């Protein structure tokens, strides 16, 4: 999706209202938006904005032109050891930040590691993410 006034390109997550018809489904999307919009780290997909119309909910995110690690591995079959180290450092950096914010991603997989035009890795898809309970409420 491109902003015609600035020419900035965004990734758009489009969710039909029919997929969030039940209250618990809507709460899940609202929680994803609430958690993601407060995050700001170089190895986390940037949340920009959300809005809705009669048919859909639109979530505007940082566009990662190189797609995901799943796509890269499917095309290339293997990564070199230096590449793995390079990306693993970025995954750890993003996860460290999330954990400092007391957020658990809960869906780490190659399809949720996005790569931007500078070959930097970004953690994305916060649909299953959860905030840690305060220490006094944990078992």
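Numbering (my numbering), first residue to last: 192 to 330.
Backbone N, C-alpha and C define an ideal beta-carbon position, used for all residues, glycine too.
As the structure is a computational prediction, the values presented were derived from the model and not from experiment.
In the DSSP assignment, residue 278 falls within the unbroken alpha helix (DSSP H) covering 272 to 291. Around the beta-carbon of residue 272, fewer than 16 other beta-carbon atoms lie within 10 Å, marking it exposed. Going by DSSP, residue 313 is part of the beta strand (DSSP E) stretching over 312 to 314. If you draw a 10 Å sphere on the C-beta of residue 283, you find fewer than 16 other C-beta atoms in it, and that means exposed. Within 10 angstroms of the beta-carbon of residue 235 lie 16 or more other beta-carbons, which makes it buried. In the three-state scheme derived from DSSP, where H, G and I count as helix and E and B as strand, residue 308 is classed as coil. Only residues of its own chain outside the window of five on either side were considered, and among them 241, 250 have a CB closer than 7 angstroms to the CB of residue 224, listed in chain order. The beta carbon of residue 281 is closer than 6 angstroms to those of 234, 312 in its chain, skipping five residues each way along the sequence. Between residue 296 and residue 320, the gap from beta carbon to beta carbon is short of 8 angstroms.
The residues 236, 303, 305, in chain order, have a CB closer than 6 angstroms to that of residue 315 in the same chain once the five nearest residues on each side in sequence are set aside.
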